[in-house]
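These protein sequences, in sequence, are chains A and B. Quick note on numbering: the first sequence equals residues 25 to 624 in our numbering. Quick note on numbering: the second sequence equals residues 747 to 1296 in our numbering. Read the structure below first, then the notes.
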Amino acid sequence: MSVQVVAAKMAEVELKDVPTGKDLPAESPVTPTSEGKNIARNDPREAGSSAASPTAEPSSKPGEGSLGLLTPNPAKMPQASAMKRSDPQQNGGEAFINRDGTVAEAPRMKKIQFADQKQEFNKRPSKIGRRSLSRSISQSSTDSYSSAASYTDSSDDETSPRDKQQKNSKGNGDFCIKNIKQADFGRREIEIAEQEMPALMALRKRAQGEKPLAGAKVVGCTHITAQTAVLMETLSALGAQCRWAACNIYSTQNEVAAALAEGGFSVFAWKGESEDDFWWCIDRCVNVEGWQPNMILDDGGDLTHWIYKKYPNMFKKIKGIVEESVTGVHRLYQLSKAGKLCVPAMNVNDSVTKQKFDNLYCCRESILDGLKRTTDVMFGGKQVVVCGYGEVGKGCCAALKAMGSIVYVTEIDPICALQACMDGFRLVKLNEVMRQVDIVITCTGNKNVVVRENLDRMKNGCIVCNMGHSNTEIDVASLRTPELTWERVRSQVDHVIWPDGKRIVLLAEGRLLNLSCSTVPTFVLSITATTQALALIELYNAPEGRYKQDVYLLPKKMDEYVASLHLPTFDAHLTELTDEQAKYLGLNKNGPFKPNYYRY
Amino acid sequence: MSDPTGEAKLELKQASKEAKESENVAEKYSAMTVSKNSEMTMGELSSAFSAVPTHKPVKKQIQFVEDKQEFSRFPTKTGRRSLSRSISQSSTDSYSSAASYTDSSDDETSPRDKTQVNSKGGTDFCVKNIKQAEFGRREIEIAEQDMSALISLRKRAQSEKPLAGAKIVGCTHITAQTAVLIETLVALGAQCRWTACNIYSTQNEVAAALTETGVAVFAWKGESEDDFWWCIDRCVTTEGWQPNMILDDGGDLTHWMYKKYPNVFKKIRGIVEESVTGVHRLYQLSKAGKLCVPAMNVNDSVTKQKFDNLYCCRESILDGLKRTTDVMFGGKQVVVCGYGEVGKGCCAALKALGAIVYVTEIDPICALQACMDGFRVVKLNEVIRLVDIIITCTGNKNVVTRDQLDRMKNGSIVCNMGHSNTEIDVASLRTPELTWERVRSQVDHVIWPDGKRVILLAEGRLLNLSCSTVPTFVLSITATTQALALIELYNAPEGRYKQDVYLLPKKMDEYVASLHLATFDAHLTELSDEQAKYLGLNKNGPFKPNYYRY
C-alpha cells in the first residue's frame, strides 16, 4: 500500500496498468497449478475489466508452498490471535483470507469443511481470482478488516442471502444481507468503532444542526465494516439517504451489515459473495423505483463503472463522485481523459492527511508490529536494510532507529537518498550489505528488488519482508526451486532452507507485511472516513460551477479540517491567528494556511 | 529565510512589506557581521557597525559602546533597505564562514578612485585591494573542500564545456563559496562579470583573488548606495561584451538591466534568481507581461528548500543556543512555536537531546503531524509558566507578546528561528520598568522589577543567522543548483522555456542531490531496465512526479 500509492503515482496513470498486467502473468506460471484457480481468475478479469489491482497483494506462489507444506494447524492459531479474535476456527480462517485476500475471492471454493486447508485453498484463488473486483489499493480502504472478523459468521446457513426474505424490526425489507438477526452484534462493533472515530462523531454534532447533506442520495460501494458503518450513520445524521454495497466480496462484516439494515439502511452485501452476487448487489443499490442517487461514494470504481455503463442517464444527473482508491482514481482520470466524465469527481486518496496516515504513520507502527507478531525478533543492535526511502521507508527507518537498530537504506532517487543521509542512515547498495544484515525490508513499489542472488548470499536466519507494493518486490518465485526446502513454521512465516542448512525467514510469502501480519488502527480509518464525508459535503454543497466535469483533489481547507477534527484525540490545542497576525500573513484566520504546493 | 509557513505567505508578505523585509536583510547583515566573529569584542563590534553608511552619522562615536551599538544598528536597517532584499537563507548567509580578516580599513581611499592592475595586466575590475589576492585564494581553497559537488561538476562537464559562449553577469554575495561557483562557471566555458548584491557581504580578499584570475569583479565591503549601482552598471556595460545570462540574488541586477538597458535585456537567454524577493519581483514582472526572457526560480527547488530550512535549522538551533547560553538541553521544557520545516528541524534536534518539547501551531495538518511525531500541541499560554526555552519559527508577527513574557519563569530563554525580527514583540520590552543588561554579544538579560530575568537572544532577530553559522555544505547545495540552472537555461532547445518564471526541472533538482551524495559515501542504487520499465520511469530520472511531497 503505502508505496503502492507512490508507485502508482510514479508510474503515472497509464503505466499503472502495465505493472498490473505484468503482475498477473508473472504470477500465473507459478500459481496456476493448484486448483481451479485459473478459471476463477479469468472470470473476474473479464468482468472487471481493466485494471488493476495493484492492490491485491496477490500471493504469487502459493500453490506449492503453502499447500503442500503447510502444516496448518499451528499456523492458524497465531493467526487468530493476530486478528484479535477469539474464535479461532473458521473465523480465523476467513479473517485471514480477508486480510491478505483483501482482495480476494474464491468464489467457488467456498466450503466450510477443512477449515485449515480451506483457508489455504481459498487464499490462493482468492488472491488471484478476485483481483478484478477490488481494486482499491489505498491502505485504509483495503484494510478495514483488521479490527474485526465476522465472529458471528458461522456459515452453517447455506442459503444465499439473495434467496432469503428478511425484514428488519420496522418491517422494511429493502436490503439483502446474510442474517438480520446478527444486528445486535453488529451494533456492538459499531459502538466500539465509534470510540476511536471521534472525528466523525464530532462532525455529526457540528453539522447536525445544518444538515449539510439534506436531500443527498448517496449510493456507496466500499468495504462494509464497523468503521464504514460509522461513516454511513454520520452521513445519515447529516441528512443523506444512503444505499450501500460492498466493494469486496470478502470484506463485509455480516453483523455490521445486519445492524445497518436494522437501522434502516439499504445494504446489499454479505461476506463471500460470488461475482454474480457482487454485481447484483450493486445493481440493487442503484436500481430502485422512485429513488435516484445524486452522489456516489466509491472505492475501486466498480460502482461508478456500473452506473456509467448501465444507467447513463442516471449518471448524468449525479452531482458528484467521491473516490478513495488509487485504482478508482486512475479509472476516473482515464474517463476524464477520454472526455466521458460528465460529473465532477473528487480524488480523496491524495489528500495530505490521508496520505501521511496511510503511509508514514501507519507503516511506522506496523513494521514493528508485523515483525514482532511473526518472528518475535528483538530489534536492538540488529542490522536492517530498508529498500526505498519514500514515505513508507521513512516510517520504517524511524521506527527501527528508535528501537536501536542499525539501519541501512537503498534508494534510486538522489533526493530521497540525500534525505536518508541527512537523517543519519547509511546509503548503500543492497549487495554491499547483503551478507551482514539481519533483516531486509522492501518498500520501493518496484519489482525484483530482492532477487535470488541476493537471497543466496544472506546470513543464516535473515528475515525478509515486504512493506511496499503487492508481491513483486521480493522475487519469491525464484525460491521455488527443488533444492530449497520450504517449511511453514507459523502462519505467514516460512523458513526457506538452503542445501547447506542456511535458513531464511520469509514473511507473508513476500506479500505485504503490514496487511498480512499487523492491523490497521481504526484511527487511520477514521482519517479516511472523515475525508470521504467532507468530500461529499463539499461536492454536494459547492455552488454551481465550482466543480466542472473533472477530477479534483480535496480542497486544502477540507484537508485541514479533517486534521483539525482529529486533534482532540491528542488533546492538542490549536493556536488561532489574531486578526493582526492573519493580516500580516495575508491569510484567512480559518485557513487554508498553506499554498497547494507546500510539502509538509 | 527559514520560512516555515510557505512561500505564498512570504510572497504576500513581500508584496505588502517589501520595505520591512529589506530592513530585515540589512538587519540580518548586521547580525551576521557580529556572528561571524563570535569572539568579537564590543569595540570591534562597533567598528563593524561604523563602516555602515548611516543616515545618522552624528551618532557614530566609539564611546558608550553598548549604546552606540543600539543606535547604529537601527539606522543601518533603515538606511540600506533598498539594496539588499534577498531573504533566502543561503543567499544571505554566506558571510558566516569567513570574515574579511585582511580588511583593516586603514586605507580610506574609495576603490573607485584607485587604479589597480592584476598580475596579467588586466584592469577591468574594481576591488578594495588586489594585493589581498593570496589570502583570498586560501579562502577559496578552503571552501572548495566542502563544495565537492561543484568540483565534481567541473570535472564531469569540463570536456563538453556546456557554458561555452555564455556571458554571465552575476550579482550575488561575493564570498569564498561564490568564488567557487564563479570559477566553476568559468571552467565550464562561461565568461563572467560579477558584482555584489549586498554592500556589506563582500569578502574583499576573495574579490581580489577572483580578479587576479581574470574575472571582472566590481565589489568591496562597505559600498555606498551610489557605489552599489555604479558597480552593477560597470558590470553590465563594457565595450564589446554583452551579457547573455543573468545570475541574480535579490533582483537588483535584473531590475537595473530591465530599466537601463532594455535592448540588452531582450537578448538575454535566461535569468537565474535565487532569493524569495527576487523571485517575487520576477513574478510581478511576468504578471505585468513585461518579462521578455525566461527566468528560473531556484529558490523553491526541493533540495535547496530542505537544506535551507529543515536540515540547516536542525543544527543551528542547538549551535545557536549553546554558543550564546551554554544551556544544557536534557530534561528542559521547550516550546517551539510553529511546526513547519524549521519547527520540525528544531523539535527533532531538541528531542534528540532529551528536551521535553511542546509545539504550538495554527495549521491543523502540521499540528497533527506534531502529534504523530510525539509532541504535545498546546497553546502558548498554557505552557508559558513552565517552559525554560521558547523558540519561534512561525513566519508570523507578535507570536510572543509582552503579556507572555511577563509570565515566564526566571531564567527562561527566548529566541527566534523564523522570520526577520517580528515574531517576538521586543519593542514591548523597551519600557522604563525593565532593565536591559547585555551579558554577551547577542545575549541580553531583561530584568523585571521583581528580579526575574528573561534571556533574550539576538534581540529577537534570527538566531540561526546571528549566533550560528551556515555550513558551506548548505551553500554548496545552493551554488550547485544555480550552476545547473544556468546550464539548463543556456542549453535548452529553442522553445522549451518561454517568457515566464520556471521552477528548476525535477531532473536537475535530483542531479544536485546526487552530486552531494559522494560526501556521505552514499551509494545510489540504479534501476535495472526491467524495473524501470515496470515503474514506467527513465533510469536516470526524474523519479517522482512534480507534486511528490518528499
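Cβ coordinates follow ideal geometry from the N, Cα and C atoms, glycine included.
Proximity below 8 Å, CB of residue 873 of chain B to CB of residue 957 of chain B: A contact, by the Cβ cut-off of 8 Å.
Measuring only from the beta carbon, is residue 560 of chain A closer than 7 Å to any heavy atom that is part of the ligand ADP? For the ligand ADP, the structure offers nothing, since it holds no ligand at all.
Does the stretch 411 to 431 of chain A come close enough to the stretch 491 to 499 of chain A that 3 or more CB-CB pairs lie under 8 Å? They touch, by the three-pair rule.
Return the chain-ordered ranges of every alpha helix (DSSP H) run that is complete within the stretch 312 to 348 of chain A and spans a minimum of 4 residues. List check, alpha helix (DSSP H) in window: 326 to 334, 336 to 340.
Using 8 Å as the limit for Cβ to Cβ distance, is residue 1110 of chain B near chain A? yes
Determine the burial state of residue 795 of chain B: buried for a count of at least 16 other Cβ atoms within 10 Å of its Cβ, exposed for fewer. For residue 795 of chain B, the pLDDT reaches just 37, beneath the cut-off of 50, and the residue's location in the model is therefore unreliable, although a value from the coordinates is still provided. With 16 or more Cβ atoms within 10 Å of its Cβ, residue 795 of chain B is classed as buried.
Can you give me, in chain order, the residues of the stretch 433 to 455 of chain A that have a beta carbon less than 8 Å from any beta carbon in chain B? 434, 435, 436, 437, 438, 439, 440, 441, 442, 443, 444, 445, 446, 450, 451, 452, 453, 454
Could you say if the stretch 527 to 538 of chain A and the stretch 388 to 403 of chain A meet the contact criterion of at least three C-beta pairs nearer than 8 Å? A contact exists between the stretch 527 to 538 of chain A and the stretch 388 to 403 of chain A.
Quick check on residue 1296 of chain B - is its C-beta less than 8 Å from some C-beta in chain A? yes
Name, going along the chain, the residues of the stretch 1095 to 1122 of chain B whose beta-carbon falls closer than 8 Å to a beta-carbon of chain A. Residues of the stretch 1095 to 1122 of chain B with a C-beta atom less than 8 Å from some C-beta of chain A are 1106, 1107, 1108, 1109, 1110, 1111, 1112, 1113, 1114, 1115, 1116, 1117, 1118, 1122, listed in chain order.
Could you tell me the alpha carbon to alpha carbon distance between residue 342 of chain A and residue 350 of chain A, rounded to whole angstroms? Each residue's alpha carbon lies about 21 Å from the other.
Count the other C-beta atoms from every protein chain shown that fall within 10 angstroms of the C-beta of residue 987 of chain B, then say buried if there are 16 or more, exposed otherwise. Around the beta carbon of residue 987 of chain B, a 10 Å sphere encloses fewer than 16 other beta carbons of the protein chains shown; the residue is thus reported as exposed.
Between residue 1251 of chain B and the rest of its own chain, which residues show a CB-CB distance below 8 Å, the 5 nearest in sequence each way excluded? Contacts found: 1234, 1288.
Just to confirm the assignment: which complete alpha helix (DSSP H) runs, minimum length 4, are found wholly within the stretch 182 to 233 of chain A? 207 to 219, 222 to 232
On the DSSP letters alone, give me the boundaries of the alpha helix (DSSP H) that residue 487 of chain A sits inside. Per DSSP, residue 487 of chain A belongs to no alpha helix (DSSP H); it is in the beta strand (DSSP E), 486 to 490.
Identified DSSP bridge partners for residue 1248 of chain B: B:1042
Determine the chain B residues that contact residue 583 of chain A at a beta-carbon separation under 7 Å, and present them in chain order. Correct list: 1111.
At the 8 Å Cβ level, is residue 605 of chain A part of the contact set with chain B, yes or no? yes
Within 10 angstroms of its Cβ, does residue 1008 of chain B collect 16 or more other Cβ (buried), or is it exposed? exposed
Where the stretch 1220 to 1233 of chain B meets chain A: residues whose CB sits under 8 Å from a CB there: Closer than 8 Å at the C-beta level to chain A, one finds no residue of the stretch 1220 to 1233 of chain B.
Residues near residue 912 of chain B by beta carbon distance below 6 Å, same chain, minus five either side: 936, 991, 1236
8 Å Cβ cutoff met for residue 404 of chain A and residue 427 of chain A: Yes.
Enumerate in chain order the residues of its own chain whose CB-to-CB distance from residue 518 of chain A is below 6 Å, with the five nearest sequence positions on each side excluded. Here the set comprises 510, 512, 530.
With 8 Å as the limit, tell me which residues of the stretch 467 to 500 of chain A have their beta carbon closer than that to any beta carbon of chain B; keep them in chain order. Listed by position, the residues of the stretch 467 to 500 of chain A near chain B (Cβ gap below 8 Å) are 469, 470, 471, 472, 473, 496.
When B:1071, B:1206, B:1238 are compared against residue 1139 of chain B, the one with the closest alpha-carbon: B:1206
C-alpha gap between residue 368 of chain A and residue 1054 of chain B, whole angstroms: 39 Å
How about residue 1276 of chain B: is its C-beta nearer than 8 Å to some C-beta of chain A? Taking Cβ atoms only, chain A reaches closer than 8 Å to residue 1276 of chain B, which makes this a yes.
Output the residue ranges of the alpha helix (DSSP H) runs that lie fully inside the stretch 1238 to 1285 of chain B and measure 4 residues or longer, sorted by chain position. The DSSP assignment places 1252 to 1263, 1275 to 1281 as complete runs of the alpha helix (DSSP H) inside the stretch 1238 to 1285 of chain B, in order along the chain (cut-off: 4 residues).
Is the CB-CB distance between residue 1200 of chain B and residue 1160 of chain B below 8 Å? yes
Output yes if chain B places a C-beta closer than 8 Å to the C-beta of residue 425 of chain A; else output no. no
Mind pulling the chain B residues with CB within less than 9 Å of residue 376 of chain A? By Cβ distance, chain B contributes 1111, 1295.
Give the straight-line distance between the Cα atoms of residue 1049 of chain B and residue 1256 of chain B, rounded to the nearest whole angstrom. Residue 1049 of chain B and residue 1256 of chain B: Cα-Cα distance of roughly 8 Å.
Min CB distance residue 590 of chain A to chain B below 8 Å: yes
I'd like the list of long-range same chain contacts for residue 222 of chain A, defined as Cβ closer than 7 Å, with 5 residues on each side in sequence excluded. 592, 593
Taking the C-alpha atoms as reference points, what is the distance between residue 1092 of chain B and residue 1105 of chain B? 10 Å
Along the chain, which unbroken stretches of the beta strand (DSSP E) at least 3 residues long are found entirely within the stretch 237 to 268 of chain A? Unbroken beta strand (DSSP E) runs of no fewer than 3 residues, entirely contained in the stretch 237 to 268 of chain A, are found at 241 to 246, following chain order.
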